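Numbering (the numbering used here), first residue to last: 5 to 361.
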Amino acid sequence: MRRILTFSLLISTLLCFDVFADQVILKNGDRLSGTILKSDGEHLILKSEFAGEVKIQWAAIEQLSSDRPLYVLLKDGQIIFGNVTTTTTNRIEVQTKEAGIVATTKEAIQLLRSEGEHAAHLAEVERLRNPRLGDLWSGSADAGLSLTKGNADTTTIGVGAQAARTTTRDKISVYFASLFAKNKTTGESLTTASSARGGLRYDFNLSDRVFAFGSSDMEYDKFQQLDLRLVLGGGLGFHAAKTERTRLDLFGGGAFNQEYFSTGLNRKSGEVILGEELSYKLSSSTSLAQRAVLYPNLSEIGEFRLAFDTTAVTRLSKILGWQVTLSDRYISNPIPGIKKNDLLLTTGIRVTFGGKN
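Below you can see the structure in the form of C-alpha cells.
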C-alpha cells in the first residue's frame, strides 16, 4: 500500500510539472514542454529541464501556450505583456492584466521574450546607449614568422593588432604594427628591417551619415633613418555606404606632421588629409579591409605622403583566421640617400576577440 501511495505521488508531481510548463506543439504532432525564452520570428528558444535550450523553427509551430507572462512585440510596433495561448481557430490570445484578452496572429508577431530575456535586452540597450569605457571593444591580433636555417640563416617577425569600440554615437579605434628581420648567413647578425607604427582615432557621429574625427599617428623606421613621425589631425567624414556587407567612409581634414630623423634633421609641416576606408565581405568566411590616405604638404607645395593598407582575412574558426596584408608607404621628399617607397607584404595567423574583424 505504501509503494502504491509513493508511486501515485510521483506521478502527480510529474503531471503538475507538465501542467505548469510552457507548451509547444509542432505541425508534425510533436509536443515539447519547458520554458519559452524568446523568439526572433525565425526561431523559438525553449529551455527544457533535460534537453537544455532547444531551437525550434517558428514556421514549424502549430500551437503554443505559456504558463508565465511573455513580452509580445507585434510587427506594427505594439508591445503586449501576458500569458500566450493558441486557440482552436489558430488565433493567438494574450491574457493581459490591463486590457484583458488581446487577440493576434502568429504571422503578426515579430518577437517574443520572457521577463528575464526582456530585462536582459533592456540592460543591453542601456549599455549601448551609455557604455563604460571598457565595454564594446572588439578587434584582432596578427602574427607572422619566417625562418630559414642552413645555407641561409634569416628570421622575419611581423606582429600587429587593431581594436575598436563602436557605439551609436562614436567610435574609438587603435592600431599597432611592427616588422623585424635579421640575416646571419655570413655569420654576422645584420638587421634588414626594423619598423613600427601605431595610432589612435576618435570618430563622433554628427548624423547618421556625417561624422567628425581626430587622430594621432606615430611611426618609426630604422632604414628611413626616421626616429619618429608624429601626425596630429582632424576633420569631417561621410558614411558613403553602410550595409551589412559593405562599409565605405570618405574623410578629409588637416594635420600637423612632425618628423625627427637620426641624422639630426627635424621637419614640421602642415598637411591636408584626403582618405577613404572600405570593408567588404567577399563571402561568409572571407572579408577585405582597405584604407588609403593622401597627405598633400601645405608647407612645401607639390610634396606629399601616401599611406595604403589592404588586408584579406579568411575565417578558420570562431576566433582564428588567416590574413594577408599589403602595406605601401610613399613619401615624395625623403632625406638624401633614402628611397621614396616602402612596400610590405605579410601573411600569418589572426586571433579575433569580442567580434568579427
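Glycine included, C-beta positions come from ideal geometry on N, C-alpha and C. This structure is a prediction, so every number in the text was calculated from the model and none was measured.
Worksheet item: Are the Cβ atoms of Y284 and L278 separated by less than 8 Å?
Response: no
Item to complete: May I ask you to verify whether the segment 95–114 touches the segment 124–143, counting CB pairs closer than 8 Å and requiring at least 3?
Response: Not touching, per the Cβ criterion.
Worksheet item: Per DSSP, what kind of secondary structure is R35 in: helix, strand or coil?
Response: Residue state, collapsed to three classes: strand.
Discussion item. Using a 10 Å radius around the Cβ and a threshold of 16 neighbouring Cβ atoms, would you call L362 buried or exposed?
Written reply: Since the first and last residues shown for the chain are 5 and 361, residue 362 lies out of range.
Item to complete: Would you decide whether L204 is buried or exposed? Buried here means 16 or more other CB atoms lie within 10 Å of its CB.
Response: Per the 10 Å Cβ criterion, exposed.
Item to complete: Give every residue of the same chain whose Cβ lies closer than 6 Å to the Cβ of S303, excluding the five residues on either side of it in the sequence, and list them in chain order.
Response: S273, G274
Worksheet entry | Boundaries (first-last residue) of the alpha helix (DSSP H) holding A127 | 119–133
Discussion item. Can you look up T100 in the DSSP assignment and give me helix, strand or coil?
Written reply: strand
Item to complete: Report yes or no: do three or more beta-carbon pairs, one from the segment 211–220 and one from the segment 231–247, lie closer than 8 Å?
Response: yes
Item to complete: Give the straight-line distance between the Cα atoms of D313 and L330, rounded to the nearest whole angstrom.
Response: 6 Å
Fill in: Check whether K42 and S118 have beta carbons under 8 Å apart
yes
Worksheet item: Which residues in the same chain have their Cβ closer than 6 Å to the Cβ of R169, if we skip the five residues on either side of it in sequence?
Response: L140, W141, I176
Worksheet item: Which residue comes first and which comes last in the beta strand (DSSP E) that contains A145?
Response: 141–152
Fill in: Candidates K226, D221, G257, A123: closest to G238 by CA position
G257
Worksheet item: For P135, which residues from the same chain have a beta carbon less than 7 Å from its beta carbon, with the 5 sequence-adjacent residues on both sides left out?
Response: T171
Worksheet entry | Local conformation of E66 per DSSP, three classes | strand
Worksheet item: Is the segment 53–63 close to the segment 85–96, with three or more CB pairs under 8 Å?
Response: no
Worksheet item: Hey, would you say E280 sits closer than 8 Å to L236, going by beta carbons?
Response: No, these two residues do not count as a Cβ contact at 8 Å.
Discussion item. Beta-carbon within less than 6 Å of L298's beta-carbon, same chain only, minus the 5 sequence neighbours each way: which residues are those?
Written reply: The answer, listed in chain order, is L278, L310.
Worksheet item: What is the C-beta distance between D231 and S266, in whole angstroms, given that I count them as a contact (C-beta under 8 Å)?
Response: Their Cβ separation, rounded to whole angstroms, is 5 Å, which keeps D231 and S266 in contact under 8 Å.
Discussion item. So, for G164: in the same chain, excluding its five sequence neighbours on each side, which residues have a beta-carbon less than 6 Å away from its beta-carbon?
Written reply: Around G164: D146, A181.
Worksheet item: In angstroms, rounded to a whole number, what distance separates the CA positions of L68 and Q27?
Response: 5 Å
Discussion item. Helix, strand or coil, according to DSSP, for E111 in the structure here?
Written reply: In the structure shown, E111 adopts helical secondary structure according to DSSP, grouped into three states.
Worksheet item: For N345 versus E307, is the C-beta spacing smaller than 8 Å?
Response: no
Worksheet item: In the DSSP assignment, what residue or residues form a beta bridge with E223?
Response: R201, R233
Worksheet item: How close, in whole Å, do the beta carbons of L74 and I83 come, if the pair is a contact with beta carbons under 8 Å?
Response: At roughly 11 Å, the Cβ-Cβ gap does not stay under 8 Å, so L74 and I83 are not in contact.
Discussion item. So, with DSSP's three-state summary, where would you put Q228?
Written reply: helix
Worksheet entry | Rounded Cβ spacing between Y206 and D157 (contact assumed at less than 8 Å) | That pair is no contact at about 45 Å.
Discussion item. Let me confirm a value: F217 is counted as buried when at least 16 other C-beta atoms fall within 10 Å, else exposed. Which label applies?
Written reply: F217 should be labelled buried.
Worksheet item: What is the residue span of the beta strand (DSSP E) that T190 lies within?
Response: Unbroken run through T190: none, as it is neither H nor E.
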